[in-house]
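One structure below.
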Amino acid sequence: MQRFILIRFVQAMIAVLVVSVIVFSLSHLSGDPLTTIMPMGDVEPEDIEALRAKWGLDKPLHIQYGLFLGNAVRGDFGESYAFGGQTAMGMVLLRFPATLQLAGAALVLTIIIGLPLGVITAVRKDGFMDYQGKAIAFLGQAIPNFCLGIGLMWFFAVWLGWLPTSGKGGLDHLIMPAFTLALFQVAALLRLTRSSMLEVLDTEFIKMARIKGIPEWQVIWKHCLRNAFIAPLTYFAIIIGSFFTGTVVVETVFSWPGVGQLAVNSVFARDFPTLQAVVILGSSIYIAANFIVDIMYAYLDPRIRYT
């Protein structure tokens, strides 16, 4: 088990390193960041050179990457180009609680809706609930986030006037963004749980449990779900990662002051340090979630430890 954990940890570190190379390279594809973000005709050449030296842009690329990587390990991505006087990571951490709140609410909705519906549709295969579950899964994965968000906003905020259209405040501000972010993953988790449950329901030990007279609820929720939970558990890493990347669209639609909205603003402002901090943080969360799920997967299924 220790060897398995060590291998997965090394793979995670390599993945983070590859992401850092890609992020650093993309920020230099458009040329000198200073010439990209500053109106060159209105700035003295001496000032440009001073800023280039201050931000380390006068050094060779491999040295710039070494400095970037060393600073990134310490959480230092430098000062924001667009918001002078503020550090890039400081701005990201300021917005992170709002994104965490939104992603956490969406994760709770995904689990309490998607998992039970997946179990019920598998148990009631080809019944009324199964067809309803298939409809939810189809619609949930077919409707884009921005269309769903705008539709909910028009219906509940504009027409009915029950919920606020945008911004961050009380629980009422969280309902529509969280549901918009969660629906796609609810549909995916529903389908995955249903498929896994159907496989386990057809196994010999479940048939034997029923022959022995074990109560049906115990067969389903204790024996069957426990063995079918491995596939949904693996998918949770994807869910967590998608919530932090999917917030870009949802936060923009609902003007939610999180990291996703900050990323959009950084793109338009060509604020490379802030954008680098957002991407590195999001990628690290995604990779860490996969690492944790791999460890949990190995505990649930010992065969995985030897792969």
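Numbers in our numbering are just positions in the sequence shown, counted from 1, shifted up by 32.
Using N, Cα and C, we set each Cβ at its ideal position, and we do this for glycine too.
Extent of the continuous alpha helix (DSSP H) to which residue i belongs
{"i": "I262", "result": "I262 to V285"}
{"i": "Q217", "result": "L203 to L233"}
{"i": "Q133", "result": "A120 to L141"}
{"i": "C179", "result": "N177 to L184"}
{"i": "S59", "result": "Q34 to H60"}
{"i": "Y163", "result": "F160 to A174"}
{"i": "A295", "result": "V291 to A301"}
{"i": "P92", "result": "Neither: P92 is in no alpha helix (DSSP H) and is coded neither H nor E."}
{"i": "R242", "result": "E236 to I243"}
{"i": "G150", "result": "L147 to V155"}
Integer-rounded CB distance, given that residue j should sit under 8 Å from residue i
{"i": "I319", "j": "T142", "result": "In fact, because the Cβ distance is near 20 Å, the residues do not count as touching under 8 Å."}
{"i": "F160", "j": "F100", "result": "No, F160 and F100 are not in contact; Cβ-Cβ is about 57 Å, not under 8 Å."}
{"i": "L222", "j": "L139", "result": "The Cβ separation is near 15 Å, so there is no contact."}
{"i": "L224", "j": "Y267", "result": "6 Å"}
{"i": "A269", "j": "A321", "result": "4 Å"}
{"i": "M208", "j": "L184", "result": "5 Å"}
{"i": "A260", "j": "V251", "result": "A260 to V251, Cβ: 12 Å. No contact."}
{"i": "S315", "j": "V51", "result": "4 Å"}
{"i": "F276", "j": "I317", "result": "6 Å"}
Residue i classed as buried or exposed, judged by whether at least 16 other C-beta atoms fall within 10 angstroms
{"i": "W194", "result": "exposed"}
{"i": "V310", "result": "buried"}
{"i": "E283", "result": "buried"}
{"i": "D326", "result": "buried"}
{"i": "L215", "result": "buried"}
{"i": "Y331", "result": "exposed"}
{"i": "W186", "result": "exposed"}
{"i": "A135", "result": "buried"}
{"i": "V218", "result": "buried"}
{"i": "H94", "result": "exposed"}
{"i": "G290", "result": "buried"}
{"i": "Y163", "result": "exposed"}
{"i": "I168", "result": "buried"}
Is there contact between the region 172 to 188 and the region 247 to 259, where contact requires at least three CB pairs shorter than 8 Å?
-> In this structure the region 172 to 188 does not lie against the region 247 to 259, because fewer than three pairs of beta carbons, one per stretch, are closer than 8 Å.
Take every Cβ of the region 300 to 315, pair it with every Cβ of the region 120 to 129, and state whether three or more of those distances are shorter than 8 Å.
-> Under the Cβ criterion (8 Å, minimum of three pairs), the region 300 to 315 counts as touching the region 120 to 129.
Count the CB pairs spanning the region 195 to 210 and the region 148 to 163 that are closer than 8 Å, and state whether there are at least three.
-> In short, these stretches do not touch, since the Cβ pair count stays below three.
Taking one C-beta from the region 234 to 250 and one from the region 93 to 110 each time, how about it: are there three or more such pairs within less than 8 Å?
-> Contact between the region 234 to 250 and the region 93 to 110 is absent, because fewer than three Cβ pairs lie under 8 Å.
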